Structure formats: structure tokens, C-alpha cells
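First to last, the sequence lines map onto chains V and U. Just so we're aligned, residue 1 is where the first sequence starts under this note's numbering, counting upward by one. Just so we're aligned, residue 1001 is where the second sequence starts under this note's numbering, counting upward by one.
There are 2 protein chains.
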Amino acid sequence: MATTLSYTHLFSFTEAVFKSIGCSDEDATLATETLLAADLRGIDSHGVARLIGYVRLWEAGRINPTPRVGVTYETPSTAVVDGDGGLGLVVGPKAMEVAIEKARQVGTGWVSVKNSNHFGIAGYHAMKALAYDMMGIAMTNASPLVAPTYSLERLLGTNPIAVAVPAGDQPDFVLDMATTTAANGKLEIAQRKNTPIPEGWAQNADGTGSTDPNAVKNGGALLPLGGATGSHKGYGLGAVVDIFSAVLSGANYGPWVPPFVAFLQPSANPVGEGLGHFFGAMRVDAFRPAAEFKAHMDNWITTFRNARAVEGQHVLIPGDPEREMSGKRLIEGIPLLDPVIKDLETVGAKFGVKL
Amino acid sequence: MATTLSYTHLFSFTEAVFKSIGCSDEDATLATETLLAADLRGIDSHGVARLIGYVRLWEAGRINPTPRVGVTYETPSTAVVDGDGGLGLVVGPKAMEVAIEKARQVGTGWVSVKNSNHFGIAGYHAMKALAYDMMGIAMTNASPLVAPTYSLERLLGTNPIAVAVPAGDQPDFVLDMATTTAANGKLEIAQRKNTPIPEGWAQNADGTGSTDPNAVKNGGALLPLGGATGSHKGYGLGAVVDIFSAVLSGANYGPWVPPFVAFLQPSANPVGEGLGHFFGAMRVDAFRPAAEFKAHMDNWITTFRNARAVEGQHVLIPGDPEREMSGKRLIEGIPLLDPVIKDLETVGAKFGVKL
């Protein structure tokens, strides 16, 4: 069963919760906008369903609600941002602003972030660049759930990569993908339904391929993109995300990335501070006049969209499904499953905020 | 059957061929070094086996042996390089030098290239940055052989992405991957052996999955990374490579990318000039002191390499197999299949160069 709440209703509630844990008005608004971007775009696993998780991390003293986010190291086109243990939902947008400002100055800007927490969906951060006629790039490392090719140990997160590219008359191109075959949220759905998962999504504790939706829970691991026949590519991409996000910034990497769930303790011997992100902004007109670029981008998009397709299907442009979902949910509201509603009521009761 | 030739022997021969088509001494050396990097690293499909292909393109008037490669547009951290129709084997390294010089100045450098040709293996170009304590990135678009998810048309190339990261005591990290499940070269091997190909590599002309090694030849297409269950991710990555390499520079993109084989004509209505590449260089010390970065990179590498693994296997670091192969082939020589030897003899005879 699901209850549908309007975006504005959910926004007010979530904002009030972030204020209750001590966020400034400005940060609470920013965190809410970032978090609910996931719900709007249909990536329900990364949206308000995680609000209770963020609150529990704060209760465990692992989120600083009043971080002093700042640049600690820089060149004209690069910076390292220290998130001061803040919400990734707040640290992320502030770091992306630094990348955009650098791009304004010298054509591109590249920011690696340490001492942060989970930042919602990568696509939201990459899309920030679009308003400035820039391409946006966003990555983050995440709790270790993924086994590199041949590994029995979980050493990487689902480590997403997002790339946003502005177009002219056509809607923007927005790629936002985990570097695993399937996101953990899809396993959770299969667990609830008790249905087997496809080959290539996960492995058992002994490294054999699994169709058991509980495989990861039982000591197995998610598989990198490419699954059974080519997981070395997904492993390589996930590794690049980890290195750019954390080895470059001084955050924790690999198995040391702090878990999102508050009941698991972070490593007692961390190799860095918090978790890491990586952001990029490239001005389109640092390469060619923006109008020229956009005309060709429109041509690229319409060529792909209008390609001959398999019966009953059509070729999508990355970002199409999420944009359509966003338009729909802004009007019709956001459906929330009963367990999510229950979690939100629990959080609301804690702070005297009514859902 | 195979004949083994020493690297230096093959180098002299290849260099003489490039001089014979009109390359300057300097460009012939550069082109040879770039091309043979593929043979050394064990990526036989992209090495000297393609020399005859480059010569045929030159005969068809589609390669300029004396290009004036230059920057046509720039900001402090970006440039567009015009390859003037030259060999990608020459244009690529020159464009990467521009990226490295920009990185020296402002921390990072990003170069999009138009009017070029095939550039060999992406990994070679990315690795150029390592000597300067920089991370290197290289991408290229390529002849359309790949169908986006649901498409019956081939709109993308195998569009590789390479990322090279320097380490300290450990060998460098070098990811070099096509954004398809399998490279076309693997299909060619299966064709010769007349063995079926795994699910997820290719589709038939009607869009159904195929295990026929001749599927692509017969109007089918290669599948993006992710194959049967997640090709939208590989499609998205291949699309980003196409956009960064060509829409950004003014090269041909999508179905307009000129074919490598001389018997197929380029589009009569191109949307840009030649094919496109994209290069990046990021100074490690634009983010943190290089020694610090390298110490953590060594820790990253040893952690992954020493992870508990599936019986009889171990976890590899991207670049391990190619580096080992390179060491071996420098000493033992490069094995070449009989059809390749025959092609080289044909090319040699044309110019009076003895193999």
C-alpha cells in the first residue's frame, strides 16, 4: 500500500526535520531540495525513505548539522573541499558551486570532497551546472557492498557517476548510473517480494553467482556493472570513482568508507575523513560557441531518439524517464510505501513535526 | 600459426612504412610508438594488425600524412585541437601534450579534438600523463557498430574510456575499456573459430539477442556494456564519450563517424570534421601533496590486490595484465598471426620495405 503526498507537503515536513536536528534555515532548505530530487525523479531508494537513516546518523554523532564547509587546497581549476562532517546533501551543492565558479574563471572546475556523508542522487548535483551552460559531472563513493572481480570481500560501494549536458530546444542529457549491475534498492524490492534476482546482480559468500535476493545480506556481494561476463569494467569504473572521490581528497576509500546505517560502526582505523565526492563543471563555450554546441546536441538527441527501434519500444535519451517522472510527481504527488510512511511518522514524533 | 618478431624489428618496419606514406621522421616515430603500444600491451586488434588499414585510408585520400595539428579555440584549462585530417596516432599524443601543459599551468587540462582519425589504444594516451605526476584521461569515438538500448540501428562506436593514475611503490593504475560488453576483435576471433559468442555481446538485425559470431556482419550490432540486463548504462557511457569527443570539438558524432575500413565511404553529409577524441590531465598536487596521494594510492592498490579471492584467482588492479604482457613481449617478441604477417608483407612490398 502507498500513500501519496504532495511535493510541497513533503518538502515542509522534511525541512522541519532538518531544522530539528540543528540545521540552519538555509541548510535545511538545501538538504531538503537535494534529498527530494530523488523522489521527484523516481529514485525512491535515495529520497525521503532515507530521512530516518540521516536522523539516526545524527543521533549517533556522525553528522554535524552546522558544518563549516570550506576550501582547504586549490589551484585555478581545482579544489579540495572539507565537508566538516556535514550532510552530503548540503556539502555536495556547496562543493559543486566551487566547481562552477572555477569553470567560470578558467573554463573548467574540479572539486574533490572529504569529510562528507551520503549526498543523495549524483544526477542532481551534475544538473546544477546546466543553468550556467556548463556540463556537470558528479561522483561519490559509498558503503562497501560490491566485490571486485574475483574478490570474496566487499571493497567498493555502488559508486555512481552522473554526467549532465545542456541541449538547445531538446531537454538536457542526464546520465546517472551506479557502477554496479543493479542498485541495492532493487535487491531490497526482490527481498520483500521474495522473488529470485537475475543472474549477474550478486554473488554468494563463496563467490558463486546467486539469484537469491538475500545473497548480499548473507555475506555475499553486489557485482560490478558487466556482471557475470565483464565485471572487470564495472570494477574499474567503480575504482576510478573511489580514487577521484577519496584518494584525491583525503576521505576514506574502499572498505574504510563509513556505512550509511547507524547500527554499523565506522572503521576504528580510518584512512581518511568521512566519505568522498568528486565534482566537475565544464563551460560549453570553453570549447566552442554555446549556440553551435546546443544545435549539434539537439541533432544528436533527435537522431538517437528517432532511431528505428525494437517493436513496441523506442530509444531513450539518458534522463528521459526521470524527467517524465519528475513532471508527473510534481503534479500528482509522490507515492510512499507504508513502511516509509511509518518511518516518517516515527521521525516526526521524535521532533513534534506532523507528517 | 604465428611468427614472433622483436619489438625493435617491428618498430623499424612500421616506422619505414609511415615514412613511405609521407610522414615526417618525427611523426613516423610517434605514430609507430603509439600503434605498437597496443601490440606490447596485448591488445592485438588495435596494433600493427591495423597498419594495412591506415595505409588503405591514406590511399583513399582520407589521411593527411603532413597535418598541421593546432589549437583553434582555448581557455586557460581547455582547448579544441584540429587534427587536420592526420593520423590519430600522431594527433592524439600532440593533443594530450596540450592537456598536460594546461594542467601544468592551472591544475587541469581538457582537450577535445576534431578532424582526426583512429588513435590506437586509449590507455596509451592516458598513460602519457603519468610521467608528470598527473592523472590521465583519454576517450575517442569510433565507427558506428553499437546499437543503443532498444535500437535496431548502429549509432555508436565501441567508444573506449581510459583513466591512468600514478602510484608510489606500486605500479600505476591503468583502466582502458570499451563501453561495449565485448570488443569487435573478440567477435572476429569467434568468427575464425566458428564458435558461438556469449549472450549479451551482440544482437541480430531484428534486435533479438544473438550468439552468432557473424551477427554484426549480418546487419546486427554490438551491445553496450551491461548486455542483456543493463545495456542502458553502457549506452549512456558510450554516449558521453561521443559527446565529449565530437559534439564538443566539432567532429562527426553518432552514425556520422567515418568508418575505419577504406571500402566503406564516409557520410556524404557529415555533421563535423573527421572523428573526435577527448583528453584530460589532472595534476595530483592540484588536490593534495603528491607524496601523500601516492602513499594512499599504494595502500588502495595493495588492499585490493590482497583481498580474499575466489579459489585459484586473485584480484587484479586495472592495468596488471597489460603491464605483464608488455614486459614479456619486450623480451620475447610479439607474436603475429599469419594473416597479419601476410598483410604486413603486402604493405612492405608496396613501398619496398622488407619485413
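Virtual Cβ for every residue (Gly too), placed ideally from N, Cα, C. Note that this is a predicted model, so its numbers are computed, not measured.
Item to check | Residues that G1070/U bridges to, as DSSP identifies them | outcome: On the second sequence, position 70 is the one that residue 1070/U refers to. G1070/U pairs with D1082/U.
Item to check | Stretch pair the region 1159-1175 of chain U + the region 1081-1098 of chain U: three plus CB contacts closer than 8 Å | outcome: no
Next on the checklist: For L57/V, which residues in the same chain have their Cβ closer than 6 Å to its Cβ, ignoring the five residues on either side in sequence?
Outcome noted: For the purposes of this step, residue 57/V is identified with residue 57 of the first sequence, where counting begins at 1. The residues are I63, A262.
Checklist entry - Are the C-beta of P1255/U and some C-beta of chain V separated by less than 8 Å? => result The residue you call residue 1255/U lines up with position 255 of the second sequence. It does: the Cβ of P1255/U has a partner Cβ on chain V nearer than 8 Å.
Checklist entry - What do you get for H2/V, buried or exposed, if any count of 16 or more other CB atoms within 10 angstroms of its CB means buried? => result For the purposes of this step, residue 2/V is taken as the residue at position 2 of the first sequence. According to the sequence as given, residue 2/V is Ala; it is not His. Under this definition A2/V is an exposed residue.
Checklist entry - Of all the CB atoms in chain V, is at least one closer than 8 Å to the CB of W1300/U? => result As a first step, residue 1300/U is located in the second sequence; it is residue number 300 there, counting from the start. It does: the Cβ of W1300/U has a partner Cβ on chain V nearer than 8 Å.
Checklist entry - Is it buried or exposed for A309/V, if we count other Cβ within 10 angstroms and need 16 for buried? => result Residue 309/V sits at position 309 when you count from the first residue of the first sequence. With 16 or more other Cβ atoms within 10 Å, it is buried.
Checklist entry - Under the three-state reduction of DSSP, which class applies to W201/V: helix, strand or coil? => result Locating residue 201/V in the first sequence gives position 201, where the first residue counts as 1. Residue state, collapsed to three classes: coil.
Checklist entry - Does DSSP put G250/V in a helix, a strand or coil? => result Within the first sequence, the letter at position 250 stands for residue 250/V. Note: G250/V maps to coil in three-state DSSP.
Item to check | Chain-ordered chain U contacts of H296/V [CB-CB under 7 Å] | outcome: Your numbering for residue 296/V matches position 296 in the first sequence. Residues of chain U passing the Cβ test: V1247, V1271.
Next on the checklist: Taking the straight line between their C-alpha atoms, what separation do you get for N204/V and G1230/U?
Outcome noted: Start at 1 with the first residue of the first sequence, and residue 204/V comes out as number 204. Start at 1 with the first residue of the second sequence, and residue 1230/U comes out as number 230. Cα to Cα, N204/V sits roughly 21 Å from G1230/U.
Checklist entry - Is the shortest distance between the beta-carbon of E1153/U and the beta-carbons of chain V less than 8 Å? => result Start at 1 with the first residue of the second sequence, and residue 1153/U comes out as number 153. Cβ-Cβ to chain V under 8 Å: yes for E1153/U.
Item to check | Run of the alpha helix (DSSP H) containing D25/V, from where it starts to where it stops | outcome: Here the question's residue 25/V lines up with position 25 in the first sequence. Note, D25/V: alpha helix (DSSP H), 25-40.
Next on the checklist: Contact criterion: CB-CB distance below 8 Å. Does H314/V meet it with respect to chain U?
Outcome noted: By 1-based counting over the first sequence, the position of residue 314/V is 314. Answer yes: the Cβ-Cβ gap between H314/V and chain U drops below 8 Å somewhere.
Checklist entry - F1278/U to S249/V, Cα distance in whole Å? => result Locating residue 1278/U in the second sequence gives position 278, counting from the first residue. Locating residue 249/V in the first sequence gives position 249, counting from the first residue. Distance between the alpha carbons of F1278/U and S249/V: 24 Å.
Checklist entry - Whole-angstrom Cβ separation of L36/V and F11/V, contact assumed at under 8 Å? => result As a working note, residue 36/V is residue 36 in the first sequence. As a working note, residue 11/V is residue 11 in the first sequence. Right, the Cβ-Cβ distance comes to about 6 Å (below 8 Å), so this counts as a contact.
Item to check | As assigned by DSSP and simplified to three states, the class of S1116/U | outcome: Within the second sequence, the letter at position 116 stands for residue 1116/U. Residue state, collapsed to three classes: strand.
Checklist entry - Should P224/V go down as buried or exposed, given a rule of 16 or more other Cβ atoms within 10 Å for buried? => result As a first step, residue 224/V must be located in the first sequence, where it is residue number 224. That one is buried.
Checklist entry - What does K233/V touch in chain U if you count any residue whose Cβ is under 7 Å from its own? => result Position 233 of the first sequence, counted from the first residue, corresponds to residue 233/V. Going along chain U in sequence order, the residues near K233/V (Cβ under 7 Å) are M1177, L1225.
Item to check | M297/V, enclosing alpha helix (DSSP H) - first and last residue | outcome: On the first sequence, residue 297/V is found 297 positions in, with the first residue counted as 1. Where M297/V is concerned, the enclosing alpha helix (DSSP H) stretches over 290-305.
Next on the checklist: Closer than 8 Å is the cut-off here; do at least three beta carbon pairs connect the region 1039-1048 of chain U with the region 1064-1079 of chain U?
Outcome noted: no
Checklist entry - Taking three-plus beta-carbon pairs below 8 Å as touching, is the region 1338-1350 of chain U in contact with the region 175-193 of chain V? => result no
Next on the checklist: Could you check whether G109/V and G280/V sit closer than 8 Å to each other, using their CB atoms as the reference points?
Outcome noted: Indexing the first sequence from 1 puts residue 280/V at position 280. Indexing the first sequence from 1 puts residue 109/V at position 109. Cβ distance < 8 Å, so G280/V and G109/V count as in contact.
Checklist entry - Between the region 102-134 of chain V and chain U, which residues of the former have CB atoms less than 7 Å from a CB of the latter, in chain order? => result V106, G107, T108, W110, S112
Item to check | Among I52/V, M127/V, V71/V, nearest to M282/V - alpha-carbon criterion | outcome: Locating residue 282/V in the first sequence gives position 282, counting from the first residue. Of the candidates I52/V, M127/V, V71/V, the one whose C-alpha sits nearest the C-alpha of M282/V is M127/V.
Checklist entry - Since A129/V and G123/V are thought to touch, with beta carbons under 8 Å apart, how far apart are those beta carbons, to the nearest angstrom? => result In the first sequence, residue 129/V corresponds to position 129, counting from 1. In the first sequence, residue 123/V corresponds to position 123, counting from 1. Not confirmed; about 11 Å, so no contact.
Next on the checklist: Excluding the 5 residues flanking G274/V on each side, which residues of the same chain have their C-beta closer than 8 Å to its C-beta?
Outcome noted: Along the first sequence, one-based indexing puts residue 274/V at 274. Excluding residues within five positions, the ones whose Cβ falls inside 8 Å are G83, G85, K114, N115, S116, N117, A251, N252, P258.
Checklist entry - Using a C-beta cutoff of 8 Å, does S1077/U count as contacting chain V? => result Here residue 1077/U is taken as the residue at index 77 of the second sequence, counted from 1. So, interface residue.
Item to check | Buried/exposed call for T4/V, threshold 16 Cβ in 10 Å | outcome: Taking the first residue of the first sequence as position 1, residue 4/V is located at position 4. That one is exposed.
Checklist entry - By Cβ distance below 7 Å, which residues in the same chain neighbour A1221/U in space, the five residues on each side in sequence not counted? => result Start at 1 with the first residue of the second sequence, and residue 1221/U comes out as number 221. For A1221/U, where only same-chain residues beyond five positions count, the Cβ hits under 7 Å are L1145, V1146, A1147, R1154, A1202, Q1203.
Checklist entry - Mapping DSSP to helix, strand and coil, what is T158/V? => result The residue given as residue 158/V occupies position 158 in the first sequence. Three-state DSSP puts T158/V in coil, outside helix and strand.
Checklist entry - Bridge partners of F351/V, per DSSP? => result Here residue 351/V refers to the residue found at position 351 of the first sequence. Bridge partners of F351/V: none, in fact.
Item to check | Three-way DSSP call (helix, strand, coil) for T1208/U in this model | outcome: Position 208 of the second sequence, counted from the first residue, corresponds to residue 1208/U. It is coil, neither helix nor strand.
Checklist entry - Comparing the C-beta of M139/V with each C-beta of chain U, is any distance below 8 Å? => result Along the first sequence, one-based indexing puts residue 139/V at 139. So no, M139/V is outside the interface.
Item to check | Start-to-end residues for the alpha helix (DSSP H) that takes in M1001/U | outcome: Taking the second sequence and counting its residues from 1, the one referred to as residue 1001/U is at position 1. No alpha helix (DSSP H) holds M1001/U; DSSP gives it neither H nor E.
Checklist entry - Smallest Cα separation from I1121/U: which of V1353/U, A1060/U, A1183/U? => result By one-based count along the second sequence, residue 1121/U stands at place 121. The candidate whose alpha carbon is nearest that of I1121/U is A1183/U.
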